[in-house]
Amino acid sequence: MKRTLGTCYYPEHWPREIWEDDARRMAEAGLTWVRIGEFAWSRLEPEPGRYAFDWLDEAIAVLGAAGLRVVLGTPTATPPRWMIDRHPDMLAVDAQGRPRKFGSRRHYCFSHEGYKAECAKIVTRLAERYGRNPHVAAWQTDNEYGCHDTTISYSDAARTAFRRWLRARYPGHGNNGDIDALNEAWGNVFWSMVYGDFDQVDLPNLTVTEPNPSHVLDFRRFSSDQVVAFNRLQVEIIRAHSDAPIAHNYMGRVTDFDHYAVGADLDIASWDSYPLGFLEDRVPATVAQQRAYARQGDPDFQAFHHDLYRTVGRGRWWVMEQQPGPVNWAPYNPAPLPGMVRLWTWEAFAHGAEAVCYFRWRQAPMAQEQMHAGLLRPDSAEAQGLVEARQVAAELAEAPEVSPARAPVALIFDYDAEWAWAIQPHGAGLSYFELVFDTYRALRKAGHSVDILPPDPDLLEGYRLICAPGLMHMPDALKAALADSGAVVLLGPRSAARDASMRIPVPLPPALPGLDATVTHVESLRPDTPVTLKRSGTIRSYREVLETDAEVLETTAEGEAVVVAQDRLVYVAGWLDSDAMRWLIKLVSDRAGLQSLDLPENVRCRDTGTERFWFNYGTAPCEVYGKTLPPVSVKLEARE
Amino acid sequence: MKRTLGTCYYPEHWPREIWEDDARRMAEAGLTWVRIGEFAWSRLEPEPGRYAFDWLDEAIAVLGAAGLRVVLGTPTATPPRWMIDRHPDMLAVDAQGRPRKFGSRRHYCFSHEGYKAECAKIVTRLAERYGRNPHVAAWQTDNEYGCHDTTISYSDAARTAFRRWLRARYPGHGNNGDIDALNEAWGNVFWSMVYGDFDQVDLPNLTVTEPNPSHVLDFRRFSSDQVVAFNRLQVEIIRAHSDAPIAHNYMGRVTDFDHYAVGADLDIASWDSYPLGFLEDRVPATVAQQRAYARQGDPDFQAFHHDLYRTVGRGRWWVMEQQPGPVNWAPYNPAPLPGMVRLWTWEAFAHGAEAVCYFRWRQAPMAQEQMHAGLLRPDSAEAQGLVEARQVAAELAEAPEVSPARAPVALIFDYDAEWAWAIQPHGAGLSYFELVFDTYRALRKAGHSVDILPPDPDLLEGYRLICAPGLMHMPDALKAALADSGAVVLLGPRSAARDASMRIPVPLPPALPGLDATVTHVESLRPDTPVTLKRSGTIRSYREVLETDAEVLETTAEGEAVVVAQDRLVYVAGWLDSDAMRWLIKLVSDRAGLQSLDLPENVRCRDTGTERFWFNYGTAPCEVYGKTLPPVSVKLEARE
Amino acid sequence: MKRTLGTCYYPEHWPREIWEDDARRMAEAGLTWVRIGEFAWSRLEPEPGRYAFDWLDEAIAVLGAAGLRVVLGTPTATPPRWMIDRHPDMLAVDAQGRPRKFGSRRHYCFSHEGYKAECAKIVTRLAERYGRNPHVAAWQTDNEYGCHDTTISYSDAARTAFRRWLRARYPGHGNNGDIDALNEAWGNVFWSMVYGDFDQVDLPNLTVTEPNPSHVLDFRRFSSDQVVAFNRLQVEIIRAHSDAPIAHNYMGRVTDFDHYAVGADLDIASWDSYPLGFLEDRVPATVAQQRAYARQGDPDFQAFHHDLYRTVGRGRWWVMEQQPGPVNWAPYNPAPLPGMVRLWTWEAFAHGAEAVCYFRWRQAPMAQEQMHAGLLRPDSAEAQGLVEARQVAAELAEAPEVSPARAPVALIFDYDAEWAWAIQPHGAGLSYFELVFDTYRALRKAGHSVDILPPDPDLLEGYRLICAPGLMHMPDALKAALADSGAVVLLGPRSAARDASMRIPVPLPPALPGLDATVTHVESLRPDTPVTLKRSGTIRSYREVLETDAEVLETTAEGEAVVVAQDRLVYVAGWLDSDAMRWLIKLVSDRAGLQSLDLPENVRCRDTGTERFWFNYGTAPCEVYGKTLPPVSVKLEARE
Ligand SMILES: [Zn+2]
Ligand SMILES: [Zn+2]
Ligand SMILES: [Zn+2]
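Protein chains in written order, with UniProt numbering: chain A, 1 to 640; chain B, 1 to 640; chain C, 1 to 640.
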């Protein structure tokens, strides 16, 4: 595989007369890809049914003539203003019951059939016109599904669609649905919440106190399925006219829809990586970490998403938008340290990226993102990002082809579990994502390369260690596949704590074949009342009490079982702090026969099939295993 | 009086075939009472007008056959889904103007006449059918009035009812009402807020800046009266068919309606005591206290409510729901320390409870409360709560009959004052409840048993000391009764600061016959700018400046009068911190000829007519007045 | 100019029989002015079209007979309840889309034509009746425009008016407007936000993510213009019937409308000065400052507004409402230290006030402001405020006439820049007002008397030093006038960073003729990651990176240019902390040939044409430049 670079470009923002020069400069900088079109609907269809493709024809021709390969985006994230007149009820409705108005982007409800028909029309036109264009080498559907909290809508369209979805989930009476099955699954006898008909079921917002968690979980699953269906509609149209691969650009820590399911319909996963913005607004980091990494970004957050989206893309993945300088949208927007744009780019390649595209070519002087840096300044002078991109391009030109490698360690990330935890955190602020991320960080500090997996029984073979914390629901097939995987499997807390309908199963959890351990009760803890462990570290935030005859590997200071094991199954009855987690990862690595490292705070490493990359996120040089890593640096070694 | 135990049970949640076994186990554990039915409307009336009582007949028979006594709840806190179709406007509306949707519980507005008629119908059916059932030994109306912020509604139904209520409060023109009287009472000439007609008066939400406090106070009184009327409707129906006593289960620190007024129509007051949940979400406690008592609960909060509801029940009171393990609804939900369930139970009895019922028999595996512990685990194994309940049952079997005793000290708690303070705290976060609770805590630390009283002139006799802080409005009869009570009376701050319509009276407050003291002006203080007192401690948050010729018992460091006294009247011109309060309670105790103690932080005591109970809330043994109290312990002595 | 005192009085709140006594006591205390009428609409027009002026005739006669001069307010801030029946859609709508209900004050939308017609009618009646009344010596329009967040409304009336305003701003097609010009100005090609017609443009609330900043800036300008038009309507009516000067009473830190523009139609600017309330709810102060000045108010906040409104009034300005004791509306409401009411009054005169009026004569016992102190207590006894007012009156009687003087230093405050920063702070919490206020405070600590100016090229002559931080947009004429002013000019950060439509200009900012400096990129900083400067202090929150060949006066510790100068232009590429700001003000003062002082924390001074005033805001005596200032004191010296 040849690794490549690219950028995002908006010809419609710039005078026609500078397109050639822009294209030339891109090519000269060593860029291969240029993504265009994804916000241009009002230029492509200025009035309903009146299309204007000439300018796009020309833009593609100019870019192609310069040797660039075009990624063409469908413009469905920004329906034009006239669309609202045609479909006033297409706007999503927020949890407070307010329609979300026109005037920015992503102003649509995934469940609105009228809007979906409009999307099908414009995508059909684009696919017909550009499906065989030699310069259009890839497609992107829409833009950043879920961004700005747009997955979930409480609109009338969503309510209608949810009732239809429920009838399919609880089928009967060919198919008017079996409302008794729904009542049973949700436990609606509680608080007299039983329904007599699917048309009585409303969306679970604005209830007097919390709604039924089973109700919410089905609504979350429905909301995710609506994204999958929306995306599939476009994919099917494009495939009918084009052989170019199709991608979508996901975001960081958007977990409202199942990315594996969307990805299953696509050829490539890509994501938009904004390390500094994310550190301020979504990384689970302490204030001290935010301060320490303000100009570098979190050393694990991007890596986590690289590994996640590699799996979402079934091996093929890109960074579609790479932060090249300060962004505009975080609470604070500092500039990256010199060298960080290069570091981030190489980190993506270390995790197997095919391409890294910088967002955006030139900083826009107008509208919402005018404070977002580009590779060029608004006056077309070179910004720092372009300097570093050019350097990477030169380095790539020297680099060999590379092939991806399966990691020895797998970590399961399950969107359904994320929703279940969000619906019922039990303790304030508890989050499945953060639990998994804590595990990921500990694995990284132990030097492991990691594959992130869906909870799919068919994907578990070939690993030495599988970590699966917090899987609220575990189908029997998954339990069995884990036990049969041949790997050391690390489970808990909250494993299999709920059935598929968000009810507590009896026998009590985790009910793992081959592990004699039962959670008798659980508790959530104030952050200032952790439970001290015998060895070192503490349980924080969430804790389970076990009845067990398994081997006890760690206990509380008072002697209650916390980590138990039987054969290759290891269960942790609580959320461990980083001290305890470090010990635990060492323990399971040893049990799995995996060598583990003990990396300094700022250093991480990652292996491809043939290379080991070392990254120093710190501002001081660092000695590590006989090497000296300069500040803000990447070091590449051949794999031993 | 014989002290008894019980539990809350939902036969409709469990298979028919386990009812007998459940009943047998309850009886064997030593339980007397079983409360049922209060959320079962959708099982009792599955469709409008179609009733299904067979299962309830059977459940009562099974429980009764096991020797248990049934408390039957009316199901009006959970109207079924079909009710919303019949009465779409019965939903309460929140302060933001949003109807609160179906999907949890308490989804009704107390002012909706259509819903009240539906309630009358179902309660009539229940009363007719079970009013003479030998196993139905008590009734409960509805469930936890006011819980989830449900007392106050800004619905159309509430607006209509409020106008009717105002016409009755300001009568005239037989009875179209006297709008001039309302304008005068509210001072509506201010800011041109005068009304020409009662139909112009709206509910006081969403105004541009704060609404008129007199307007809000009348609305708060109206809202409380609506709860009283709602409850009375059910009581009258049940009484017509049954001689069994009627209770309601109140909550902790729900102060939106006048519990004395609701209680006047009932035979028994009961409340739902969740010490750990309350500590996290409603006790006025510092973070240090929340940490120290995370697994024990606040040492005064339950006691306060025991004393309050004893008066609400005119001597007869229960704990209807006692926390038996971790709950599901607080920000953090730890497990109680072993022994706490027993301690809480005995504490209730020490304060005169007739019965303590645990919520709930078996943890439900489904719906909103699936993380709420029961006496049994979801798999029917015994949980810690049942172990301790059985121990108390055994201890009770050995215990003698007990008779309640009047306490030597009274503390007035006035719902009307709570609303007045909430409407006009003057300083951020100032709360009447917290002022009264601070006084209660100081009395308890001084070893006093306390009766909590309404501001009723007829109930003041027989006390040695009466504390009445913060009574914003004091009718002349109350002032006179306090002066004539024979007790030392502790008043201030803010005593009689407003007339009945929330206006400042002239002559200025407190205008107490027999006390030469006038508040010339008041101020609220930043928490970081307390005023130092001469002796020890500070005034914090709220302070009054006095003109006085009375005896000055304490001053600021600069010599301004803070505590003044004349004969048996003592006035405190500010909110004292705990140091100053300790000195003050000692002072007024001495003046009243009451011996006071000085208890350690974790220890409390409480007298019945014949016993003195000692409680150690701490996790270490404690020496106190020659006794050693083990950690988490109850100690019973015969009264000296 | 003779300096005078006054008070605010509400005859309609008090029995007719005490008016004479009130008037007599006012006059005896030495007051000249009495403001009345501004909330009395429901008394003046109790029903639509039925007027009742007799009581007002009489009140004016009584006050005039006592020798007082009346300021007559138009009552349009408090439309009566019947008005809402006539114009249900006149209520403003908040950003959440909720109409703001009747029941307090300022319940109107500035854009509602029906309401404006009603205002014209009542103002016409008042002007006709009292325009030539010998006792009516001044007028006040409405009351505190913008208070309670009332400038901006998202109502239908506002939307309609906004579209009309936009057609005028982007004219064409005689005059249906030129929508292409709007699309171009706003950069609507971004995210396909282009409009086909002005009737498609909505108000910029409730969008999915942030709206287009150009859209919002035009909406903010429109909203300000609506206030100007609303006020002008009244002014034109009054002028047609009266020669008395017309004022409006502005508030502290209300920046939603352009006060210069409103003031241009008026004769006098006045403002309502509540130092203790403001310190708690709007002064940019640290908690330590709030604690230190809890009973004195911020030492610069009132001064800033005095200087601002002197310019708004083109030299003629009053304090219309002066805090005389504790207020009711701040989070905490302490009493001023004895002497502060006198100090605040003299401070106003030191800044050139013609009159200071105390709010209010007697504390009202009813409605929203019952906790707001007056000069009299509710029982008509004297409060502390009256004692100090009487003292000032006596001092004024001894004082000579005074004439205002131009200050040597000017500081530009631009409402348009305030809106631009608010729309796009770039870093959390960054505020133009606070940047300007930081500069003002530093100038004051250096002992300078300051004139605050609008960004008007015609007003810049005659100053030695002009500070103009943060002017986001600078028209070429302003740049030229600054360069030609003859003053040392201090600019940056963010100077000229946007064009008139909120787009980044090319060439890049600041593009100042005569200063070789370009901002290549900017960053916002976490508060815990300041950038250290070479000399002393830091850049905090906001920073620019410069390309420059100008003289570098200060750099970061790492050597990047921060303060650069060329001839008389000085540019600061960041927001400096107070240490760095102190050095900078000294530097520019020296460059301007201005002597600067270095005042202690609690001391300020201010010059009139003939006097130098010294103020000690501290509670300890203070030595300063050879003088001893007692605690809480004013000291007056003849100008050297
Ligand atoms: Zn993006
Ligand atoms: Zn309950
Ligand atoms: Zn005012």
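Just so it is clear, CB atoms sit at the ideal spot from N, CA and C, and this is done for glycine as well. Note that the coordinates shown come from a computational prediction; the quantities given were computed from them, not determined experimentally.
C-alpha of His-173(B) to C-alpha of Ala-127(C): approximately 39 angstroms in a straight line. Shown here for Val-522(C): same chain residues with a beta carbon closer than 6 angstroms to its own, the five before and five after excluded, namely Glu-544 in chain order. For Asn-616(A), the secondary structure class from DSSP, reduced to helix, strand or coil, is strand. With distances taken between CA atoms, Asp-94(B) lies nearest to Ala-157(B) out of Ala-157(B), Val-563(B), Arg-16(B).
In its chain, beyond the 5 residues on either side, Leu-233, Ile-237 have a beta carbon closer than 7 angstroms to the beta carbon of Ala-120(B). Approximately 14 angstroms separates the beta-carbon atoms of Tyr-542(A) and Leu-471(A); this is outside 8 angstroms, ruling out the contact.
In this structure, Asn-133(B) keeps its C-beta atom at 8 angstroms or more from the C-beta atom of Asn-249(B). Contact annotation for Arg-291(A) against chain C: Arg-526, Asp-528, Thr-529 [CB-CB distance below 8 angstroms, chain order]. As DSSP reads the structure, Val-634(C) sits in a beta bridge with Phe-615(C). Membership of His-248(B) in the beta strand (DSSP E) is indicated by the continuous run 246-250. Gly-385(B) sits in a helix when the DSSP states are folded into three classes. With contacts defined by Cβ atoms closer than 8 angstroms, Gly-30(C) and Ala-394(C) form a contacting pair. Nearest CB-CB separation between Trp-361(A) and chain B: not below the 8 angstroms threshold.
Between Cys-467(B) and the set Asp-458(B), Pro-475(B), Ala-477(B), Pro-454(B), the nearest pair of CA atoms involves Pro-454(B). Using a 10 angstroms sphere on the CB of Gln-140(C), the tally of other CB atoms reaches 16 or more, which defines it as buried.
Judged by beta-carbon spacing, Asp-567(A) lies within the 8 angstroms limit of Gly-514(A), meaning their Cβ atoms are closer than that value. By the Cβ test, the stretch 256-264 of chain C is not in contact with the stretch 285-304 of chain C, since fewer than three Cβ pairs between them sit closer than 8 angstroms. For the stretch 180-210 of chain B, the set of residues with a beta-carbon nearer than 8 angstroms to any beta-carbon of chain C comprises Trp-186, Gly-187, Asn-188, Val-189, Phe-190, Trp-191, Ser-192, Met-193, Val-194, Tyr-195, Gly-196, Gln-200, Asp-202, Pro-204, Asn-205, Leu-206, Thr-207, Val-208, Thr-209, Glu-210, in chain order. One thing to note: Val-254(C) has its Cβ no nearer than 8 angstroms to the Cβ of Phe-110(C).
Put simply, of Leu-546(B), Arg-444(B), Ala-497(B), Ala-483(B) the residue whose alpha carbon is nearest the alpha carbon of Asp-607(B) is Arg-444(B). For Glu-12(A), the residues of chain C that pass the 7 angstroms Cβ criterion are Val-189, in the order they occur in the chain.
Of Phe-613(C), Pro-527(C), Met-371(C), Ala-383(C), the smallest CA-CA separation from Leu-576(C) is found for Pro-527(C). The beta strand (DSSP E) runs of length 3 or more contained entirely in the stretch 546-619 of chain B are, from start to end of the chain, 551-555, 561-566, 569-572, 574-576, 603-607, 611-616. Check the Cα spacing between Asn-188(A) and each of Ile-504(B), His-241(B), Gly-315(B), Thr-78(B): the tightest is with Thr-78(B). Under the Cβ distance rule, Met-371(C) counts among the residues neighbouring chain B, one pair being separated by less than 8 angstroms. Trp-346(C) and Val-436(C) have their C-alpha atoms some 24 angstroms from each other. Identification of residues in the stretch 212-232 of chain B having a C-beta nearer than 8 angstroms to some C-beta of chain A yields an empty set.
Look at Pro-378(B): its C-beta is not under 8 angstroms from any C-beta on chain C. The Cβ-Cβ distance between Ile-268(B) and Arg-316(B) falls below 8 angstroms. Taking the Cα positions, Asp-516(C) is about 6 angstroms away from Thr-548(C). Using a Cβ-Cβ cut-off of 7 angstroms, Lys-2(B) is close to nothing in chain A; its nearest Cβ partner there is about 32 angstroms away.
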